[in-house]
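Chains as they are written, first to last, in the working numbering: chain A, 1 to 325; chain B, 1001 to 1091.
For glycine and all other residues, C-beta sits at the position ideal for the given N, C-alpha and C.
Report on the structure given below.
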Ligand SMILES: Cc1ncc(C[n+]2csc(CCOP(=O)(O)OP(=O)(O)O)c2C)c(N)n1
Ligand code: SF4
Ligand code: SF4
Ligand code: SF4
Ligand SMILES: [Mg+2]
C-alpha cells in the first residue's frame, strides 16, 4: 500500500483534468473526476463513455485531459479499458512498445448511469468476469443528462425526467433504482465502493484503493446534476451530502475475500449506524430537488414519500446486516 | 471564440483534440465570483477540492481564484466551513 492520502498533500497535486472544460457551472462530474485523478499513483490512462463528462471535456479542438485519454462510444467503456490493459500486458511481455516500461498502470474508465446501468452493462459484466485490472467509475447523475434528462435504470422512483414526466396520473418514474452495486459485487469484483463528492478525502482514499487493487475495481459516485435535478448550482455538495445523511446513498466498501463479500461502512455512514437518531428523513433530500417537487406541490403526496422512506430504510437495514452491524 | 480549424484530412491519426482547454476561458460564465476573507479562512483547503473548475489554488499558501475559469457556481461560498467566502458581482 502506498502512503495514505491527506488533504494537505493532495492540494499540492496538480489537477489532471484541466480548467476550461464546458460542463455546467456547479456540475458534480468534474469534482469527482478531479478527485479520482488526484489519487492516481503515476502513469494513468483514462477512457470515457459518451456522456456529459466526455462531451464537455473534449469539445473540438480542445481537451481538458492532461493524461492519455481514449474516446469510447456510449456502450463500451469497460471494453476499451479491457483493451488498454491487454495492450499494456502484451507490451510488458514483449518488452517493447510505449507502455512496456510501466510497472504499474492506472487504467480508469468513466461512464454515466446510462452508460452503466443500461447500455454499457454487458461490456462491464464481461470485463468484470474476465478480471481485467482496471478501475471503473460510475458517475451516477441518475438520468441521461447529456441528451436532455431521459430516465435510466439508475433514476430513482418518482423522479421527474423528460421520459418519466410527473402528472396527475404518473408520479414521475414508476420503477425503482436498479441495485447496480449488488450486480457488480455478484461478479466477485475484488473492490467495490460508493462515494460522494461531499467527502473528498473518503473519495480520494477509495480511488487510491481501487487503483491499488489487482483486478477490477468499481467506484459508484453519486453525482448531483443541478440542471437535471433542478436545484441551484451552489447546492451540489449540499445535495451530495444529504444523499448520505439520509441513507439514500450510504457510503461503504466491499471487498471479496475467498469468494465472500466483506462489507465495511465508511465513516459518514458508520456514524449513523452507531447513532441511528442521526439518520435524516429522506424528505430532506427530496425537498430541495425540483425533480421531486410534485411530491410536495400542489399537495403533499404522503403515500409516495412514505414509500420512498420505506425503500431507503429497507436497503439501509440490509446493508447493516451485510456489514454485520 | 471563432477561429480557423483544420479539416479532418489535416489531423494526425488518433489525436483529434489538439489544444488544451486551458486556452478556452469560461470565466465569462455566470455573474458572480468568490471573494475570500483571509482573516476568517482557516486554510482547510475544502474549496479547492469542491470547485468543479479546479479554479481555486493554494500555491500562495491561501486560497486564490483564477477568474479566467471560475463559472460563478457558488459552491465554494456555500461550503466554506468558516464562512470566509462571499459571492460578489464579477467585473
Ligand atoms: C449508441 C448510442 N446511443 C445514443 C447515444 C446518444 N447519447 C450520447 S450521451 C447519452 C446519454 C448519456 O447518459 P449517461 O450515461 O447517464 O451520462 P450523463 O450524460 O448523464 O453523464 C446518449 C443517449 C450515443 N452516443 N450512442
Ligand atoms: S447536465 Fe448535469 S451532469 Fe451534465 S454538465 Fe450539466 S450539471 Fe453536469
Ligand atoms: S473553504 Fe473557506 S476556510 Fe477552507 S480554505 Fe477555503 S476559504 Fe479557507
Ligand atoms: S464559484 Fe464555483 S467555479 Fe467559482 S471558484 Fe467557487 S466553486 Fe469554483
Ligand atoms: Mg447520467
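Quiz item: How should residue 148/A be labelled, buried or exposed, when 16 other C-beta atoms within 10 angstroms of its C-beta is the threshold for buried?
Solution: Position 148 of the first chain, counted from the start, is the residue given in the question as residue 148/A. Classification for residue 148/A: exposed.
Quiz item: Which residues in chain A sit within 7 Å of residue 1073/B, going by Cβ to Cβ distance?
Solution: As a first step, residue 1073/B must be located in the second chain, where it is residue number 73. Within chain A, the residues whose beta carbon sits less than 7 Å from that of residue 1073/B are 25, 26, 233, 234, listed in sequence order.
Quiz item: Applying a beta-carbon distance threshold of less than 7 Å, which residues of chain A neighbour residue 1079/B?
Solution: As a first step, residue 1079/B must be located in the second chain, where it is residue number 79. Correct list: 237.
Self-check item: Nearest to residue 287/A (by Cα), restricted to the options 21/A, 140/A, 71/A, 158/A
Solution: As a first step, residue 287/A must be located in the first chain, where it is residue number 287. For the residues 21/A, 140/A, 71/A, 158/A, the minimum Cα distance to residue 287/A belongs to 158/A.
Quiz item: Who are the neighbours of residue 35/A on chain B, taking C-beta pairs under 7 Å?
Solution: Counting from one through the first chain, the residue named residue 35/A turns up at place 35. Those within 7 Å of residue 35/A in chain B are 1049.
Quiz item: So does residue 99/A have its beta carbon nearer than 6 Å to some heavy atom of ligand 2?
Solution: As a working note, residue 99/A is residue 99 in the first chain. No, the Cβ of residue 99/A stays beyond 6 Å of every heavy atom of ligand 2.
Quiz item: Are three or more beta carbon pairs between the region 159–166 of chain A and the region 112–129 of chain A nearer than 8 Å?
Solution: no
Quiz item: Going straight from the alpha carbon of residue 291/A to that of residue 101/A, what length do you get?
Solution: In the first chain, residue 291/A corresponds to position 291, counting from 1. In the first chain, residue 101/A corresponds to position 101, counting from 1. Using only the alpha carbons, I get a separation of about 49 Å.
Quiz prompt | Validate contact between the region 269–276 of chain A and the region 213–223 of chain A using beta carbons, cut 8 Å, 3 pairs | solution = no
Quiz item: For residue 339/A, which option in 297/A, 260/A, 249/A has the closest C-alpha, if you only look at C-alpha atoms?
Solution: With chain A covering 1 to 325 only, the question about residue 339/A has no answer from this structure.
Quiz prompt | For residue 358/A, the three-state DSSP class (helix, strand or coil) | solution = Because chain A spans 1 through 325 in this model, residue 358/A falls outside it and cannot be assessed.
Exercise. Would you check if there are 3 or more beta carbon pairs closer than 8 Å linking the region 75–84 of chain A to the region 120–138 of chain A?
Key: yes
Quiz item: Where does residue 19/A fall in DSSP's three states?
Solution: Reading the first chain from its first residue, position 19 is the one you call residue 19/A. Residue 19/A falls in the coil class under three-state DSSP.
Quiz item: With residue 223/A and residue 64/A assumed to form a contact (beta carbons below 8 Å), what rounded beta-carbon distance in angstroms separates them?
Solution: Residue 223/A sits at position 223 when you count from the first residue of the first chain. Residue 64/A sits at position 64 when you count from the first residue of the first chain. At roughly 17 Å, the Cβ-Cβ gap does not stay under 8 Å, so residue 223/A and residue 64/A are not in contact.
Exercise. Using a Cβ cut-off of 7 Å (strictly closer), state whether residue 1030/B contacts chain A.
Key: Counting from one through the second chain, the residue named residue 1030/B turns up at place 30. Residue 1030/B counts as touching chain A.
Practice problem: Go through the region 1061–1091 of chain B residue by residue and report every complete run of the beta strand (DSSP E) that reaches 3 residues or more, in order. | Solution: 1085–1089
Quiz item: Any C-beta of chain B sitting closer than 7 Å to the C-beta of residue 72/A?
Solution: In the first chain, the residue the question calls residue 72/A occupies position 72. No, residue 72/A does not count as interfacial toward chain B.
Quiz prompt | Proximity test, Cβ basis, 7 Å: residue 31/A and chain B | solution = Counting from 1 along the first chain, the entry for residue 31/A is found at position 31. Answer yes: the Cβ-Cβ gap between residue 31/A and chain B drops below 7 Å somewhere.
Practice problem: Could you tell me whether the region 172–186 of chain A touches the region 65–75 of chain A, using the rule of 3 or more Cβ pairs below 8 Å? | Solution: With a cut-off of 8 Å, the region 65–75 of chain A and the region 172–186 of chain A do not count as touching, because too few Cβ pairs lie within range.
Exercise. Please decide whether residue 1063/B counts as near chain A, where near means a Cβ-Cβ distance under 7 Å.
Key: If you number the second chain from 1, residue 1063/B lands on position 63. By this cut-off, residue 1063/B is not an interface position.
Quiz item: If you drop the 5 nearest sequence neighbours on each side, which residues of the same chain put their C-beta closer than 8 Å to that of residue 205/A?
Solution: As a position in the first chain, residue 205/A is number 205, starting the count at 1. Around residue 205/A: 4, 5, 39.
Exercise. Mind checking which residues open and close the alpha helix (DSSP H) that includes residue 181/A?
Key: By one-based count along the first chain, residue 181/A stands at place 181. Run containing residue 181/A: 180–185, per the alpha helix (DSSP H) assignment.
Quiz item: So which residues on chain A does residue 1022/B lean against when the C-beta distance must stay under 7 Å?
Solution: Here residue 1022/B refers to the residue found at position 22 when the second chain is read from its first residue. Simply 18, 19, 20.
Quiz item: Does ligand 5 have a heavy atom nearer than 6 Å to the CB of residue 167/A?
Solution: One-based indexing of the first chain puts residue 167/A at position 167. Checking every heavy atom of ligand 5 against the Cβ of residue 167/A, none is found closer than 6 Å.
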